[in-house]
Every structure is written in C-alpha cells, then in structure tokens.
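Participant: Structure provided below as structure tokens; questions to follow.
Residue numbers (my numbering), protein chains in the order written: chain A, 97 to 354; chain B, 181 to 504.
Next up, the structure:
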C-alpha cells in the first residue's frame, strides 16, 4: 500500500513555478532517492510531502489523506525531516534539541517523562551523539550538528523519514554508520526513507527507486539502472559521464568525464 | 530565584526616605499576616500604603516587561527585540501625551487608558504595515515596521513636547522617563490580574517557543502550528506589556536585558526561562526603583533613568562578548 502519493501537483513561489504536474507514489518501507540539479525543486518536493507547503493544484496524500487536512501534530508523528542546516540564535544543549523531537507526541501540559528520555537517548546512541548531549548545539561542528538533527528526527519515531542532503557534512565512518542505520530501520521497522542528494552514486547504491527532477518536473523515475544512464545525466546535468556497474552488486556507478 | 525575589522585596521595604527599623518592619508584617490590617502608626502608614504597593507594582511591571522581552525575542527570533520594538512604547507614550494635553488626567484612569489604547492601536498598526493581515508574518518585516512606526511616533512626541506649556511638559517628561509612583492600588490590582492571567496563558504554550526559535520550518515540521502560535503570543504579550507601560510609563532596557542574562544562567528552555525571567525582572526593577527612591531622598529619580544607566553599559558588554 502506498504511504505517500502525489497527484498532478503544481506549486509556485509567488509567480515562479517550481513544480509542474508531479505525480508519484511511494510504498511503505521503500528507500527512494530524489536527485536533480540545483533549483530543480528537490527541497520543495520534500516540503510538500511533509505538509509544510501545500500544492497550488493537485493532491498530496499521506496514508490516503490530504496533507492540508492533517493537523500539524498528527503529520509530525508520521513524517520527520532532517533539514540541511538550522540557524541557532539562542543557545540550546544537544540533548534539548533532540528532546524537541518528542513534541508531536506530547500535549501542552506535560513535561517529557522517562519514556521520552529513553527514546531520546536511544536516538542519540544510534547517531553517536550521546557523548555531546550536554554540549551546546551551536558549538558543535557541522557534521556533529547534522547527527544531532538526525537524532531529533529519529526521536520523532516517524513512519517516513525525509533527508535533505543529510550526509554532506558526515565523515566516512559516520556516513557508513548512518546508512547502515537507515537500512536497519527500513527492514526492522518498515521505515520509509526519502532522501535528497547530489551524490549520484549514493543514490544508485542505496535507493530502491530514484526520482530524477528537472526544472520542476519528473524527468525519470524507476530503479537505479533505469534512471542513472549517461543519456539522462547528460540531458539533465549537462555533463558527460561514464556509467558502469559496481562489480559487487551490479548497481550503476557513475564517473564524471572532464 | 524565588528566594532572591523575596529577599530583595524585603530589603527594599526597609529602604526609603523615612528610616524604619528592621524590627519594626518585621513586627508590622507579622501583624498584617495574622489578618490585622489596622494602621496605628505613621510608620505603618508609610509601609503599607506607600512602600508595599509600590514594590508590588515595580515587581509587576518588571515581570511584565521581562516576559515581553523573552517572548518577543523568541517569536521574532531576534535577540535585540523587546516590548518596545513593536511600538508599544511609542504608541502608549503618544496616547498618554494626547491624554495629558486633552486634560484626561482629571478623569479616573484617563491617561493610562489612553496610553493603553495607544499601545494596542500601534501594535495593530505595526501588524498591518508588516502585511500581517494576509498570509504569514515575516519576522523582519514586523521588526522593521515596528522601528518605522516608533520613529514616526517619536517625531510626533517631540512635536507635542515643543508646543506644550511648562506644567504639562513636566508631567509628560516624567511619564516618558518611567515613573512607578503614581499607580493607585486599584490600578495595581488590574495589572496584577493581567500579569497572572497572561502568564498562565503563556506558560501552557512555552514548549512551542523552544521550537519556534529553532526556525519556523523546523517548528512547523515538528508539529507546531506556527502562525497561530505566533499570533497568540503576540496578542497576549502585547496586552500584558501594554498594561504595564500604560501605568508605569517608559522603562527601558528591562525587557531586553533580563532575558539575555537569564539565558546565560539558565539556558534557553522557555519552560524555565519564562518564570525565572519574570521573577528576575521583578527583582531587578524593585532594586532599580529602590535606588531611585533612596539616592536623592527625599527627592526621587525616575526609575527609567536607573534602568537605562544600567542597560547601556550592559549592552556594550554584550556586544563585546559577541565579537569574541
């Protein structure tokens, strides 16, 4: 059953159209990558999926219900997003940031209880951030901050996890750790993962399906081998590339030709 | 923090242009606590009808302004915001001045009422200028329109100051500098009620402030209805601070200084920040007002002078710290 489905979505900021006639369905427990050049509408699509932006025309459905009809809290229990970066104006501790992920599960008149703290600490252990729980968020490095934000999204206990270039600041070890974690959550808890990336090889290696966006339209959608072709890359990114296969798993692998 | 607040309140009961013994004060207080409100000596009269109401009033105003500071800084996501930036000072000053000029001071609650209306009208005007009646509210445009409206009002205030006669000039100037001596017991009760009710309303939503300062996108995706929450805070906070300003005049720097100081000590969790800022703001203004009463006793300084004298150096300190 599809957990996310978009039907003929149109969206524009002011008068500039950024999303034209986008339709897609994503099944439960799928891992989907969204790729495309700068300004092709990747982040906008994520925001439409998590209901922080509403389409001007067409329908965006989560669990068969339009995002505009969900309450903010209910949607936040289902869908979490790890943003690219957050600007921090006032000092918060890393643990406090992760604790905010529990907000959709709490009402206004209750403080977090033991269970919430347990979930938060588990999320921090999984992301290797527990060591700096008591440090200030704005004093962490970019990669550490990104892991804290990942922990916050995990603390939300979502059914769908949206990632907006969430691996760019991670070092290799933490990238591998994070990708393994995603796999594990995907198989054990049926987590649906949708990630935006500029790393074609990351998408090809880890996604069940890839959506290639090109100026607000879906240019190609399908299995990695169907989407990652030299012709598609040339047309969308205007670069020449060599596509061969990863000898271990046969998935497509791209090398830039310059 | 509660302890600090109590100690400071007690300390400032002792201080004043007429010396009253500590022993006497505690005896009078103990007597009042047992339910005996009869006033038998001049000392008691000073204590209960002059000092105590004034201390309570200073506390209320300090707490209101500090709460206003915490909340405006959070919802505008700007550490330099305070209740006055949104035009609450300019508007109520203009309202008060018009009131004084029209002779509203001869009516009961005349001037404070006009000041209050002025403050509310200004907040509304700032909202409209910022384009808040349709679509989402951009933080910067709200702040900018506050600055613009305030600048316009200062010009209007200066204009009025230059055409009025001496008597009126004196009372306007005192109002502009902030003055805690005029509020009546009834007015203090009204302000206390507004503060308490407002605080309860604000506190139930405090957790949402933590998310909003993380950025509106973040708050939205974590399940906060950002626009509604911001409007709610804006309305309730404007009411609390407008009440305080309309009764006490313009007392600068409390709203901007206290929240920063409290964040340094207690961190940024608003569930803690709101109550400690209210208490510390109250304590701070009580101290400032006590100083204002005592230094040139029996003459009094306007308390706004004291807060500004503390505030300006504090700001320089804050900026220096930031640049490191």
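Every residue gets a Cβ at the ideal spot worked out from N, C-alpha and C, and that includes glycine. None of these values were measured; they are calculated from a predicted model.
(1) Scan the stretch 292 to 318 of chain A and note each continuous beta strand (DSSP E) run of 3 residues or more that stays entirely inside, going in chain order.
(2) Could one say the Cβ of residue 196 (chain A) lies closer than 8 Å to chain B's Cβ atoms, at least one of them?
(3) State the CB to CB distance for the pair residue 305 (chain B) and residue 275 (chain B), rounded to an integer number of angstroms; the pair is presumed to be in contact (CB under 8 Å).
(4) So for residue 138 (chain A), helix, strand or coil by DSSP?
(5) Do residue 253 (chain A) and residue 290 (chain A) have their beta-carbon atoms positioned less than 8 Å apart in this structure?
(6) Let's test the definition: count the other Cβ atoms within 10 Å of the Cβ of residue 341 (chain A) and tell me whether it reaches 16, buried, or not, exposed.
(7) Have a look at residue 406 (chain B) and residue 466 (chain B) and give me their C-alpha separation to the nearest angstrom.
(8) Once DSSP output is grouped into helix, strand and coil, what is the label at residue 154 (chain A)?
(9) Could you work out which residues of chain A lie near residue 400 (chain B), taking near to mean beta carbons separated by less than 8 Å?
(10) Which runs of the alpha helix (DSSP H) spanning at least 4 residues fall entirely within the stretch 228 to 278 of chain A, listed in chain order?
(11) Helix, strand or coil: which one does DSSP assign to residue 288 (chain A)?
(12) Using only CA atoms, which one of A:185, A:221, A:203 and A:206 lies nearest to residue 194 (chain A)?
(13) Suppose you measure from the CA of residue 379 (chain B) to the CA of residue 134 (chain A); what does that come to, to the nearest Å?
(14) With DSSP collapsed to three states, give me the class of residue 163 (chain A).
(15) For residue 122 (chain A), tell me which candidate among A:287, A:167, A:151 and A:269 has the shortest Cα-Cα distance.
(16) Along the alpha helix (DSSP H) that carries residue 446 (chain B), what are the first and last residues, could you check?
(17) Would you say residue 226 (chain A) faces chain B, with C-beta separation under 8 Å as the test?
(18) Looking at C-alpha atoms only, which residue of B:347, B:187 and B:328 is the closest neighbour of residue 283 (chain B)?
(19) Verify whether the separation of the beta carbon atoms of residue 260 (chain B) and residue 431 (chain B) is less than 8 Å.
(20) Measuring alpha carbon to alpha carbon, tell me which residue in A:180, A:211 and A:232 is nearest residue 444 (chain B).
(21) Could you tell me which of B:434, B:478 and B:479 sits nearest to residue 494 (chain B), measuring between CA atoms?
(22) Taking 8 Å as the CB-CB cut-off, is residue 300 (chain A) touching chain B?
(23) Residue 169 (chain A): which of A:184, A:153, A:203 and A:152 sits nearest, CA to CA?
(24) Going along the stretch 249 to 272 of chain B in order, which residues come within less than 7 Å of chain A, judged by CB to CB distance?
(25) One question on the structure: do residue 184 (chain B) and residue 457 (chain B) come within less than 8 Å of each other, judged by their Cβ atoms?
(26) Could you tell me which chain A residues have their CB closer than 7 Å to the CB of residue 405 (chain B), listed as they occur along the chain?
(27) Between residue 359 (chain B) and the rest of its own chain, which residues show a CB-CB distance below 8 Å, the 5 nearest in sequence each way excluded?
(28) Compare the C-alpha of residue 338 (chain B) against each of B:321, B:356, B:401 and B:452 and name the closest.
(29) Can you pull the chain A residues whose beta carbon is under 8 Å from the beta carbon of residue 320 (chain B), in chain order?
(30) Rounded to the nearest angstrom, what separates residue 421 (chain B) and residue 321 (chain B) at their Cα positions?
(31) Relative to the alpha-carbon of residue 402 (chain B), which residue among A:116, A:326, A:179 and A:243 has its alpha-carbon at the smallest distance?
(32) Contact between the stretch 404 to 419 of chain B and the stretch 218 to 234 of chain B is defined here as three or more beta-carbon pairs at a separation below 8 Å; is this criterion met?
(33) Please return the same chain residues whose Cβ sits closer than 8 Å to the Cβ of residue 301 (chain B), not counting the five positions on each side in sequence.
(34) Suppose you measure from the CA of residue 310 (chain B) to the CA of residue 297 (chain A); what does that come to, to the nearest Å?
Facilitator: To lay it out plainly:
(1) Taken in chain order, the unbroken stretches of beta strand (DSSP E) that lie wholly in the stretch 292 to 318 of chain A and span 3 residues or more are 305 to 310 and 313 to 318.
(2) Residue contact check for residue 196 (chain A) against chain B: a CB pair falls below 8 Å.
(3) Under the criterion of beta carbons closer than 8 Å, residue 305 (chain B) and residue 275 (chain B) do not qualify as touching, at roughly 12 Å.
(4) In the structure shown, residue 138 (chain A) sits in a helix (DSSP, three-state: H, G or I).
(5) In this structure, the beta-carbon distance from residue 290 (chain A) to residue 253 (chain A) does not fall below 8 Å.
(6) With fewer than 16 Cβ atoms within 10 Å of its Cβ, residue 341 (chain A) is classed as exposed.
(7) When the Cα atoms are used, residue 406 (chain B) and residue 466 (chain B) turn out to be separated by approximately 35 Å.
(8) Strand, per DSSP.
(9) Near residue 400 (chain B) (Cβ distances below 8 Å), the residues of chain A are 148 and 168.
(10) With a minimum length of 4 residues, the continuous alpha helix (DSSP H) runs that stay inside the stretch 228 to 278 of chain A are 238 to 251.
(11) Here residue 288 (chain A) sits in strand by DSSP.
(12) Minimum Cα distance to residue 194 (chain A) is reached at A:221.
(13) Computed Cα separation, rounded: 46 Å.
(14) Looking at residue 163 (chain A) - three-state DSSP - the assignment turns out to be helix.
(15) Minimum Cα distance to residue 122 (chain A) is reached at A:287.
(16) First-last of the alpha helix (DSSP H) with residue 446 (chain B): 434 to 446.
(17) No - not a single Cβ of chain B is within 8 Å of the one on residue 226 (chain A).
(18) Cα-wise, what sits closest to residue 283 (chain B) is B:347.
(19) No, these two residues do not count as a Cβ contact at 8 Å.
(20) Checking every option, the nearest Cα to that of residue 444 (chain B) belongs to A:232.
(21) That would be B:434, whose Cα lies nearest to the Cα of residue 494 (chain B).
(22) By this cut-off, residue 300 (chain A) is not an interface position.
(23) Selected option, being the one with the closest Cα: A:203.
(24) Correct list: 257 and 259.
(25) Taking 8 Å as the Cβ cut-off, residue 184 (chain B) and residue 457 (chain B) do not qualify as a contacting pair.
(26) Ordered by position in chain A, the residues that pass the 7 Å Cβ test against residue 405 (chain B) are 168.
(27) Cβ within range, chain order: 428, 429, 482, 483 and 484.
(28) Out of B:321, B:356, B:401 and B:452, B:356 has the C-alpha closest to the C-alpha of residue 338 (chain B).
(29) Correct list: empty, because the minimum Cβ distance to chain A is about 13 Å.
(30) The straight-line gap from Cα to Cα measures roughly 21 Å.
(31) Comparing Cα positions, the closest option is A:179.
(32) The stretch 404 to 419 of chain B vs the stretch 218 to 234 of chain B: no contact.
(33) Within the same chain, residue 301 (chain B) has close Cβ partners 271 and 275.
(34) Here the alpha carbon of residue 310 (chain B) sits roughly 46 Å from the alpha carbon of residue 297 (chain A).
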